[in-house]
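Inspection log for the structure reproduced underneath, given as structure tokens.
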Amino acid sequence: MTTTSLTTSRGAGRAGDKVFSAATLAAGCLILAVLFGVALFLLIQAFPALVASPDEIQGGKGFFSYIWPIVIGTLIAAVIALVIATPVAIGVALFISHFAPRKLASGLGYVIDLLAAIPSVVYGAWGAAFLAKEISPAYNWLANNMGWLPIFQGPASATGKTILTAGIVLSVMILPIITSLSREIFLQTPKLHEEAALALGATRWEMIRMAVLPFGRPGVISAVMLGLGRALGETMAVALVLSSGALTASLIQSGNQTIAAEIALNFPEASGLKVNTLIAAGLVLFVITLGVNMIARWIISRHKEFSGAN
Amino acid sequence: MSKRIDVKDLNVYYGKFLAVEDVNINIEAKSVTAFIGPSGCGKSTFLRTLNRMHEVIPGARVEGEVLLDGDNLYGPGVDPVTVRSQIGMVFQRPNPFPTMSIRDNVLAGVKLNNQKMSKGEADVLVERSLQGANLWNEVKDRLAKPGSGLSGGQQQRLCIARAIAVEPQVILMDEPCSALDPISTLAIEDLINELKDQYTVVIVTHNMQQAARVSNKTAFFNIAGTGKPGRLIEYGDTHTMFSNPTQKATEDYVSGRFG
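Each protein sequence line maps, in turn, to chains U and D. Residues 1 to 310 (my numbering) are what the first sequence spells out, left to right. Residues 311 to 569 (my numbering) are what the second sequence spells out, left to right.
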């Protein structure tokens, strides 16, 4: 009878473990290194612009007065996109997950995913060449009938190349990511909880409100934040669609600018301190996106006890 | 607050597959009726047809009549939502809503029908329902905590409290103790015993001792073989069913010779 000593081990298995753990460690470190590298680059390159005397910065009033209008512009465009896309995306996701017949649901799912495959420059061209023209009568109507609201103050842009058009194009662009993530989450709602609601005499919509939406809430927030991240950083579509200008409250006049489009439009011809200024603008965008993600995580973690994960 | 159920010539299909064939049964009001039988014999499927919960499963349909005090659940114009608010259900695995507090779980069904309930009324109802489910003393200090933090047996009693809060005519229970330990099972069985004073209770169970302990009448379902439809073999007083059944299959099953 042979005995196996406790000290002997299968060499190959152990080596595999070591290789695998080293590989995962390297991958994890690489992410941190890249992130750190980008942040460091942004800080170093942005520094001259941050400390330059006000009259050297574009506009002649310092970096802060240069950056804040385009920060506001970026946020306006992103918020318009979210306000339009979120309800539509949740509605479509619920339709696919809980209302549509199975065949239609999978077909519709593919179509929505296809929207994500369209390059952003195509969206931009579509927005500039088609949507802006078609939508300008609506802007005239808004200016005439709702002009008392500062955001719809006339005269409306004749070309339709406004921040509202840019926001609408962005909303179409972020629709697929919010929809497909929300759909996956809604599909994961435990049957158990759906049946619990139905057995209490809930209609389908009440069942969705009792079981599906509360269960999906953290996931939907994450999906919306991913969409927001894309809307904040989207460059090409905004650069093509928006006829940019100074910050204006009216969404239907030309004007406003976003950080990403500002960088893209000015970078090729920039030199000297102007480059540093644009990179500093990039740093600001980075900080905004980071802040948005942290807020999202905080919102999700607030209700951890009731998340259904326990 | 309780009604009888009479089932006439009921067939249940999943698509083209006949799952349960030709069931005729009269379920008495204010009593406990147990369905027993081997796995896959259609007793859970049949139970679900008593409040139209089978319609959740794609392709499931029935032929025949289920009469709740004479009103056909499958009559024209009958809304399954109304049916389910009168015939409550407790499931195999405890399923309190994880995103709701204990209190909100109890009120979940009530809020569907009666949106404008004052806080005082709601408090009374929560206490009465939790008392009714023998859970009040264990949870009265933590009504705002999530229902998912309770033990399995407590969660199941919370589900029963949620079901009785809407004051249904009938309570259906689909193997309510199969995921619970013996102590929790005992608590639920005691509760079933009390519930029958007010409600018509129908319970599916794999546990024959449980059927013998809690039910007034027992129905034995069986299946001739894989792919064959389930049938109601014998139905009678629980005592008779366990001591002196008329069918050979029933006797074999209750004496543990198969199943």
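Just so you know, even glycine gets a beta-carbon here, dropped at the ideal spot from N, CA and C.
Under DSSP, the beta strand (DSSP E) around PHE130/U begins and ends at which residues? Where PHE130/U is concerned, there is no enclosing beta strand (DSSP E), given that its DSSP letter is neither H nor E.
Whole-Å CB distance - PHE530/D paired with THR560/D, under 8 Å assumed: At roughly 5 Å, the Cβ-Cβ gap stays under 8 Å, so PHE530/D and THR560/D are in contact.
Let me know if ILE31/U comes out buried or exposed under the rule of 16 or more other beta-carbons within 10 Å of its beta-carbon. By the 10 Å Cβ count, ILE31/U comes out exposed.
Candidates VAL172/U, THR74/U, GLY201/U, GLY109/U: which alpha carbon is nearest SER244/U's? Scanning VAL172/U, THR74/U, GLY201/U, GLY109/U for the CA closest to the CA of SER244/U turns up THR74/U.
Consider the Cβ of THR359/D: report whether some Cβ of chain U lies at a distance smaller than 8 Å. Against chain U, the CB of THR359/D has no partner CB under 8 Å away; the residue lies outside that interface.
Tell me the rounded alpha-carbon separation between SER312/D and PHE186/U. Computed Cα separation, rounded: 36 Å.
Using 8 Å as the cut-off, can you tell me whether the segment 314–324 of chain D makes contact with the segment 367–375 of chain D, which would need three or more C-beta pairs spanning the two stretches below that distance? Here the segment 314–324 of chain D lies against the segment 367–375 of chain D, with 3 or more beta-carbon pairs under 8 Å apart.
Tell me whether SER171/U sits in a helix, a strand or coil according to DSSP, three-state version. Residue state, collapsed to three classes: helix.
Between the Cα of VAL333/D and the Cα atoms of GLY540/D, ASN554/D, GLN479/D, GLY566/D, which residue gives the shortest distance? Closest by alpha carbon: GLY540/D.
If contact means a Cβ-Cβ distance below 8 Å, which residues of the segment 511–539 of chain D contact chain U? Sequence-ordered contacts of the segment 511–539 of chain D with chain U are nonexistent [C-beta pairs closer than 8 Å].
Only counting runs of 3 or more residues, tell me where the beta strand (DSSP E) segments fall wholly within the segment 330–396 of chain D, in order along the chain. You should have 342–346, 370–378.
Under 9 Å between beta-carbons, which chain U residues line up against THR548/D? List them in chain order, please. Within 9 Å Cβ-Cβ: nothing; THR548/D doesn't reach chain U, min ~26 Å.
On the criterion of 16 or more Cβ atoms from any shown chain inside 10 Å, does THR24/U qualify as buried, or is it exposed? Around the CB of THR24/U, fewer than 16 other CB atoms lie within 10 Å, so the residue is classed as exposed.
Tell me whether ILE252/U sits in a helix, a strand or coil according to DSSP, three-state version. Correct three-state label for ILE252/U: coil.
Counting only beta-carbon separations shorter than 8 Å, does PRO555/D have a partner in chain U? Cβ-Cβ to chain U under 8 Å: no for PRO555/D.
Just by C-beta distance, which residues in the segment 407–421 of chain D are closer than 8 Å to chain U? Against chain U - using a Cβ distance shorter than 8 Å - the residues of the segment 407–421 of chain D are PHE407, PRO408, THR409, MET410, SER411, ALA418, GLY419.
Limits of the unbroken beta strand (DSSP E) element including ARG102/U: Per DSSP, ARG102/U belongs to no beta strand (DSSP E); it is in the alpha helix (DSSP H), 102–117.
Where MET399/D falls: helix, strand or coil (DSSP): Strand.
Does the beta carbon of SER494/D sit closer than 8 Å to a beta carbon anywhere in chain U? Not closer than 8 Å to any Cβ of chain U, the Cβ of SER494/D fails to qualify, so no.
Taking any Cβ of chain D, which residues in the segment 114–135 of chain U have a Cβ under 8 Å from it, in chain order? For chain D, none of the residues of the segment 114–135 of chain U brings a beta carbon within less than 8 Å of one of its beta carbons.
Using the Cβ count rule (16 or more neighbours within 10 Å means buried), how would you classify GLY325/D? Per the 10 Å Cβ criterion, exposed.
Is there a C-beta anywhere in chain U that falls below 8 Å from the one on ASN405/D? ASN405/D belongs to the set of residues whose beta carbon lies under 8 Å from a beta carbon in chain U.
Relative to the C-alpha of ALA156/U, which candidate in LEU40/U, ILE168/U, TRP141/U has its C-alpha closest? Comparing alpha-carbon positions, the option among LEU40/U, ILE168/U, TRP141/U lying closest to ALA156/U turns out to be TRP141/U.
For GLU184/U, tell me which candidate among ARG204/U, ALA202/U, ALA223/U, LEU164/U has the shortest Cα-Cα distance. The shortest C-alpha separation from GLU184/U is found at ALA223/U.
Tell me, to the nearest whole angstrom, how far the beta carbon of LEU313/U is from that of ALA49/U; I am working on the premise that it is less than 8 Å. For residue 313/U there is no data in the structure shown, the boundaries of chain U being 1 and 310.
For TYR509/D, which three-state DSSP category applies? Look at TYR509/D here: in three-state DSSP terms it is coil, with no helix or strand label.
Would you list, in chain order, the members of the segment 189–207 of chain U that have their beta-carbon closer than 7 Å to a beta-carbon of chain D? Listed by position, the residues of the segment 189–207 of chain U near chain D (Cβ gap below 7 Å) are LEU192, HIS193, GLU195, ALA196, LEU198, ALA199, LEU200, GLY201, ALA202, THR203, GLU206.
Can you check whether the CB of ALA296/U is closer than 8 Å to the CB of ILE221/U? With a cutoff of 8 Å on beta-carbon distance, ILE221/U and ALA296/U are scored as near each other.
Within 8 Å of any Cβ in chain U, is that where the Cβ of GLY398/D sits? Contacts with chain U at 8 Å (Cβ-Cβ) include GLY398/D.
Stretch pair the segment 511–530 of chain D + the segment 333–344 of chain D: three plus CB contacts closer than 8 Å: Touching, yes, given that three or more Cβ pairs across the two stretches are closer than 8 Å.
Spatial distance of LYS191/U from GLY546/D (CA atoms): C-alpha separation (whole angstroms): 34 Å.
Comparing C-alpha positions only, which one of VAL317/D, ARG314/D, ILE346/D, CYS351/D sits nearest to ALA329/D? With distances taken between CA atoms, ALA329/D lies nearest to CYS351/D out of VAL317/D, ARG314/D, ILE346/D, CYS351/D.
Under 9 Å, CB to CB, which of the residues in the segment 214–227 of chain U have a partner in chain D? Cβ contacts with chain D come from PRO214, PHE215, ARG217.
Compare the C-beta of ASN310/U with all C-beta atoms of chain D and state if any pair is closer than 8 Å. Here ASN310/U scores only 43 on pLDDT, less than 50, and its place in the model is too uncertain to base an answer on.
Extent of the continuous beta strand (DSSP E) run through VAL322/D: Boundaries of the beta strand (DSSP E) harbouring VAL322/D: 315–324, taken from the DSSP string.
Does any residue of chain U have a CB that is nearer than 8 Å to the CB of MET570/D? Residue 570/D falls outside the range modelled here, since chain D spans only 311 to 569, and no answer is possible.
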